[in-house]
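2 protein chains.
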Amino acid sequence: MANIKDVAERAGVSVATVSRVLNGRSPVAETRERVLAAVAELGYRPNVVARSLRTARTRTLGLVISDLRNPFFTELADAVEQEARRLGYSLIIGNAGESTRQQDDHIRTLLDRRIDGLLVSSAGTGSPMLREAAEAGTPLVLLDRTVPGVAAPCVRAEGRAALTELAAHLAALGRRRPAVIVAPAGTPVGDERLEVFRAALAAHGIALPPERAGASPDLRPEGGRQVMRRLLDLPEPPDAVLATDNLMALGALDEMRARGLRVPSDVALVAFDDVAWFAHLDPPLTAVAQPTRALGEAAVHALLERIEGREAPSVLLPARLVKRRSCGEPATH
Amino acid sequence: MANIKDVAERAGVSVATVSRVLNGRSPVAETRERVLAAVAELGYRPNVVARSLRTARTRTLGLVISDLRNPFFTELADAVEQEARRLGYSLIIGNAGESTRQQDDHIRTLLDRRIDGLLVSSAGTGSPMLREAAEAGTPLVLLDRTVPGVAAPCVRAEGRAALTELAAHLAALGRRRPAVIVAPAGTPVGDERLEVFRAALAAHGIALPPERAGASPDLRPEGGRQVMRRLLDLPEPPDAVLATDNLMALGALDEMRARGLRVPSDVALVAFDDVAWFAHLDPPLTAVAQPTRALGEAAVHALLERIEGREAPSVLLPARLVKRRSCGEPATH
DNA sequence: CCCGGTCGTGTAATCGATTACCTGACCCGC
DNA sequence: GCGGGTCAGGTAATCGATTACACGACCGGG
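Quick note, the sequences are listed as chains A and B, same order.
Quick note: the first sequence uses full-length UniProt numbering, first residue 1, plus one each step.
Quick note: the second sequence uses full-length UniProt numbering, first residue 1, plus one each step.
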């Protein structure tokens with residue numbers, strides 16, 4: 001593969017001149033032409049590795065995602081990748097699979113590769129490497145999940161408006177016994193969603209007692225199903241259930257079907273994260289849609305700010321309610 | 001950040017010795033101890049960029065995936081990433097979003113980054129960069145999709161056994177008018193699946209006439225829905241439909257629901273790719289399951305062979321039929 | 001006519017590792 | 001006692017770019 005020296009020889013100039021032409025500095029038109037011609041003839045492409053070594057910038061970002069196979073995160077990762085690429089950065093994605101150890105493993109590798117900045121939607125809350133990376137001064141932005149004790153801006157959605165609207169929606173449909181399937185402890189957003197929802201319901205005189213707020217052991221369908229089982233076995237089972245993550249909602253649905261219960265006539269179901277599949281379920285699921293792509297883009301922007309050495313504030317983007325048929329209202333959709 | 005020179009000074013040896021210790025060559029126990037102590041004290045980590053420049057190996061693989069948001073490919077990418085990491089390689093994933101231009105863009109970037117090898121599940125068939133990369137001698141392995149004119153081993157699933165079993169399954173259930181929703185022209189596997197299925201049906205005396213084999217314009221739900229619409233409008237509509245991709249199957253399901261048709265009583269439905277969601281649909285979908293993770297692993301192994309300069313044969317792994325309730329049989333599941 | 005400034009380009013140092021080659025110490029056997 | 005072999009470890013070249021600095025050409029003004 002041709003290198004800059006080959007190009008310089010062919011164009012009859014020094015390597016410095018070639019470098020300058022390619023980086024858009026100084027040379028005069030005629031020299032420039034000769035260099036570009038040589039580049040074209042040789043099919044020369046600059047060696048990014050050598051450049052990175054010299055400039056100490058790799059133009060690569062790292063993204064460690066808590067669970068790539070969760071469609072919400074897949075879309076998030078895709079959005080991050082596109083925006084990063086649009087801005088001239090490559091992205092290395094590491095999937096933590098909700099394991100702190102794997103997450104640390106990935107962060108370690110990414111730092112070794114001298115990425116310019118790191119984006120993390122953290123699996124769990126106790127990640128030594130994450131703390132270390134932050135303290136070592138690596139530009140860092142958290143995504144979707146805050147991590148207590150890590151001083152880094154966090155980009156995520158907040159559901160106040162959407163959950164307020166949802167409370168009104170459910171109240172209007174006569175649902176009086178709502179329940180929530182909460183993300184496992186250690187994912188701070190889960191508790192927050194619960195509290196916001198509870199407050200919104202209270203405004204309609206509807207209570208959300210603790211026994212109707214069940215924490216799932218994990219963010220997988222099976223976890224949601226277990227919680228749903230407990231909720232349905234309550235002496236006063238709920239007539240509406242909100243799952244704070246899309247996979248847990250699926251599990252909840254499974255449990256209802258297994259018992260022969262119908263959505264929405266027996267129980268209304270609402271999920272966080274409006275993944276594409278929800279519109280294809282029967283009935284189509286009402287969901288709190290996070291602005292997934294906007295989150296990914298905002299995270300990249302914040303990270304680039306940090307890389308340039310500027311401050312980047314945390315970002316909270318509003319989620320919105322997408323009403324479909326799983327609460328009982330006839331859909332316009 | 002500490003570099004090898006700092007470590008050498010601290011340990012009172014030359015950089016060469018440090019390098020040798022870290023790469024497991026020669027030095028004697030005592031020197032070795034001193035170096036490792038210095039490494040630990042300084043928190044030294046080798047600069048991968050510098051190493052790559054010198055050794056001309058980046059220990060990074062590239063994966064260009066045709067559509068990352070298709071759950072089949074998400075899982076495939078995840079499997080590839082895990083296996084690559086297990087073997088000491090990082091992975092850069094590029095999502096082509098079924099666009100040849102984006103695919104070429106990604107391949108270009110990956111080659112510029114001097115990845116050691118490239119894995120591609122090609123979007124479309126006419127990709128100049130792909131051909132170029134192959135001809136330039138970049139270790140290359142195709143994934144899931146062959147590309148005519150590109151000389152590279154291909155790792156994918158073949159459905160002969162599964163489709164034969166499916167034909168028998170449908171015949172036993174009395175379905176006599178099968179149809180297929182085929183992937184768009186340009187995805188060679190689509191046509192192949194159709195032909196294999198047709199042959200398998202013939203063995204049971206069941207015909208699959210051309211008008212009941214509709215090519216979708218794309219691999220998205222909407223494409224599948226369009227084909228389903230045409231199929232249902234036929235004078236003799238099908239009583240069983242096979243979609244050769246999971247997203248097209250979803251669209252087909254939507255069209256049936258919109259018409260008030262029931263699965264499986266009115267029409268049986270079978271999909272390629274057994275994505276996790278299928279088990280949660282109503283009814284749970286019978287599917288031709290590709291050995292997704294095994295495919296990803298085999299692809300990485302084949303690529304490493306190519307990187308080491310050895311030949312790597314193409315790999316065909318058998319898919320298997322996962323019977324659920326969408327063809328009418330009571331499920332054991 | 002000469003001095004200083006501007007501009008284009010070349011020379012060479014540099015980034016941080018790996019590794020070929022060389023040197024010196026030591027040991028063994030004849 | 002000395003030649004040769006083995007081994008540890010130092011010196012310096014190298015990978016392919018970027019860039020500080022130097023230099024020469026050219027120009028304009030006093």
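Even for Gly, the Cβ is constructed at its ideal location relative to N, Cα and C.
Local conformation of residue 207 of chain B per DSSP, three classes | Locating residue 207 of chain B in the second sequence gives position 207, counting from the first residue. Here residue 207 of chain B sits in coil by DSSP.
Where the alpha helix (DSSP H) containing residue 246 of chain B begins and where it ends = Counting from one through the second sequence, the residue named residue 246 of chain B turns up at place 246. Taken as a continuous stretch (DSSP letters only), the alpha helix (DSSP H) holding residue 246 of chain B covers 246 to 258.
Between the C-alpha atoms of residue 5 of chain B and residue 15 of chain B, what's the straight-line distance to the nearest angstrom?
-> Along the second sequence, one-based indexing puts residue 5 of chain B at 5. Along the second sequence, one-based indexing puts residue 15 of chain B at 15. Their backbone Cα atoms lie some 6 Å apart in a straight line.
Three-pair Cβ contact test at 8 Å for the stretch 293 to 300 of chain B versus the stretch 276 to 284 of chain B = no
Since residue 90 of chain B meets chain A, which of its residues come closer than 7 Å, beta carbon to beta carbon?
-> For the purposes of this step, residue 90 of chain B is identified with residue 90 of the second sequence, where counting begins at 1. Here the neighbours are 92, 109, 113.
Who pairs with residue 93 of chain B in a beta bridge, going by DSSP?
-> In the second sequence, residue 93 of chain B corresponds to position 93, counting from 1. Answer is B:63, bridged to residue 93 of chain B.
Extent of the continuous alpha helix (DSSP H) run through residue 4 of chain A | For the purposes of this step, residue 4 of chain A is taken as residue 4 along the first sequence, with counting starting at 1. Unbroken alpha helix (DSSP H) run through residue 4 of chain A: 4 to 11.
Any C-beta of chain A under 8 Å from that of residue 3 of chain B | To locate residue 3 of chain B, count along the second sequence from 1; it is residue 3. No, residue 3 of chain B lies away from the interface with chain A (no Cβ there is under 8 Å from its Cβ).
What does residue 158 of chain B pair with, by DSSP beta-bridge criteria?
-> Counted from its first residue, the second sequence places residue 158 of chain B at position 158. For residue 158 of chain B, which the question treats as bridged, DSSP gives the partners B:318.
Cβ of residue 74 of chain B less than 8 Å from any chain A Cβ?
-> Locating residue 74 of chain B in the second sequence gives position 74, where the first residue counts as 1. So, interface residue.
Would you call residue 248 of chain A buried or exposed, if buried means 16 or more other Cβ atoms sit within 10 Å of its Cβ?
-> Residue numbering aside, residue 248 of chain A sits at position 248 when the first sequence is read from its first letter. Classification of residue 248 of chain A: buried, given that the 10 Å Cβ count is 16 or more.
Give a yes or no on whether the minimum CB-CB distance between residue 229 of chain A and chain B is below 8 Å.
-> By one-based count along the first sequence, residue 229 of chain A stands at place 229. Taking Cβ atoms only, chain B never reaches closer than 8 Å to residue 229 of chain A, which makes this a no.
Residue 64 of chain B and residue 112 of chain A: beta carbons closer than 8 Å?
-> For this step, residue 64 of chain B is matched to residue 64 along the second sequence. For this step, residue 112 of chain A is matched to residue 112 along the first sequence. No; because the gap between Cβ atoms is not below 8 Å, this pair is not in contact.
With a threshold of 7 Å, establish whether the CB of residue 247 of chain A neighbours any heavy atom of the ligand PLP.
-> In terms of ligand content, the structure shown is empty, and the ligand PLP therefore cannot be addressed.
Measure from the alpha carbon of residue 155 of chain B to the alpha carbon of each residue in B:177, B:181, B:189, B:138, then state which is nearest.
-> Along the second sequence, read from residue 1 onward, the residue named residue 155 of chain B stands at position 155. Answer by Cα proximity: B:189.
State whether the stretch 187 to 204 of chain B contacts the stretch 250 to 265 of chain B, with contact taken as three or more CB pairs (one from each stretch) at a distance under 8 Å.
-> no
Compare the C-alpha of residue 96 of chain B against each of B:62, B:84, B:117, B:85 and name the closest.
-> Position 96 of the second sequence, counting from 1, holds the residue named residue 96 of chain B. Among B:62, B:84, B:117, B:85, the Cα nearest to that of residue 96 of chain B is on B:62.
Taking residue 81 of chain A as the query, report the chain B residues whose CB atoms sit under 7 Å from its CB, ordered along the chain.
-> Numbered from its first residue, the first sequence carries residue 81 of chain A at position 81. In chain order: 95.
Can you tell which of B:32, B:268, B:291 has the C-alpha that lies nearest to the C-alpha of residue 275 of chain B?
-> Sequence index remark: in the second sequence, residue 275 of chain B carries index 275 (1-based). Answer by Cα proximity: B:291.
Would you give the residue range spanned by the beta strand (DSSP E) that residue 242 of chain A belongs to?
-> Your numbering for residue 242 of chain A matches position 242 in the first sequence. It spans 240 to 243 - the beta strand (DSSP E) in which residue 242 of chain A sits, taken as one unbroken run.
Thinking C-beta only, is residue 267 of chain A closer than 8 Å to residue 245 of chain A?
-> Position 245 of the first sequence, counted from the first residue, corresponds to residue 245 of chain A. Position 267 of the first sequence, counted from the first residue, corresponds to residue 267 of chain A. No, Cβ-Cβ distance for residue 245 of chain A and residue 267 of chain A is not below 8 Å.
Report yes or no: is there a C-beta of chain B within less than 8 Å of the C-beta of residue 39 of chain A?
-> The residue labelled residue 39 of chain A in the question sits at position 39 within the first sequence. Output row for residue 39 of chain A: interface = no.
Which residue's Cα is closest to the Cα of residue 168 of chain B: B:124, B:84, B:206, B:304?
-> The sequence position of residue 168 of chain B within the second sequence is 168, counting from 1. The option with the nearest alpha carbon to residue 168 of chain B is B:206.
Would residue 333 of chain B count as contacting chain A if we go by Cβ distances under 8 Å?
-> Locating residue 333 of chain B in the second sequence gives position 333, counting from the first residue. Only weak support exists for where residue 333 of chain B lies, its pLDDT of 47 falling under 50; the coordinates are left without a value.
CA nearest to the CA of residue 80 of chain B, picked from B:301, B:19, B:325 | As a working note, residue 80 of chain B is residue 80 in the second sequence. Among B:301, B:19, B:325, the Cα nearest to that of residue 80 of chain B is on B:301.
Any C-beta of chain B sitting closer than 8 Å to the C-beta of residue 292 of chain A?
-> Here the question's residue 292 of chain A lines up with position 292 in the first sequence. Not one chain B Cβ lies under 8 Å of residue 292 of chain A.
For residue 152 of chain A, which three-state DSSP category applies?
-> Locating residue 152 of chain A in the first sequence gives position 152, counting from the first residue. It is coil, neither helix nor strand.
Does the Cβ-Cβ distance between residue 11 of chain A and residue 25 of chain A come in under 8 Å?
-> The residue labelled residue 11 of chain A in the question sits at position 11 within the first sequence. The residue labelled residue 25 of chain A in the question sits at position 25 within the first sequence. In this structure, residue 25 of chain A does not lie closer than 8 Å to residue 11 of chain A by Cβ.
Neighbourhood of residue 136 of chain B by C-beta distance below 6 Å, restricted to the same chain and skipping five residues each side | Sequence index remark: in the second sequence, residue 136 of chain B carries index 136 (1-based). So the list is empty, once near-sequence residues are dropped.
Taking C-beta pairs closer than 9 Å, name the residues in chain B that residue 71 of chain A reaches, listed in chain order.
-> By one-based count along the first sequence, residue 71 of chain A stands at place 71. Near residue 71 of chain A (Cβ distances below 9 Å), the residues of chain B are 69, 71, 74, 277.
Cα separation between residue 179 of chain A and residue 242 of chain A?
-> Against the first sequence, residue 179 of chain A aligns to sequence position 179. Against the first sequence, residue 242 of chain A aligns to sequence position 242. Cα-Cα distance, rounded: 6 Å.
Rounded to whole angstroms, how far is the Cβ of residue 381 of chain B from the Cβ of residue 92 of chain B, which I believe are closer than 8 Å?
-> This structure leaves residue 381 of chain B out entirely; chain B is present only between 1 and 333.
To the nearest angstrom, how far is it from the Cα of residue 129 of chain B to the Cα of residue 193 of chain A?
-> As a first step, residue 129 of chain B is located in the second sequence; it is residue number 129 there, counting from the start. As a first step, residue 193 of chain A is located in the first sequence; it is residue number 193 there, counting from the start. Going by the C-alpha atoms only, they are around 47 Å apart.
Cβ pair residue 319 of chain A, residue 165 of chain A closer than 8 Å = Within the first sequence, numbered from 1, the residue matching residue 319 of chain A stands at position 319. Within the first sequence, numbered from 1, the residue matching residue 165 of chain A stands at position 165. Their beta carbons are not under 8 Å apart, which means residue 319 of chain A does not touch residue 165 of chain A by this criterion.
Hey, residue 327 of chain B and residue 270 of chain B: beta-carbon distance below 8 Å or not?
-> The residue you call residue 327 of chain B lines up with position 327 of the second sequence. The residue you call residue 270 of chain B lines up with position 270 of the second sequence. Yes, Cβ-Cβ distance for residue 327 of chain B and residue 270 of chain B is below 8 Å.
Around the Cβ of residue 333 of chain B, are there at least 16 other Cβ atoms within 10 angstroms (buried) or fewer (exposed)?
-> Sequence index remark: in the second sequence, residue 333 of chain B carries index 333 (1-based). Its pLDDT being 47, under 50, residue 333 of chain B is placed unreliably in this model, and the value from its coordinates should be taken loosely. Exposed, by the Cβ-count rule.
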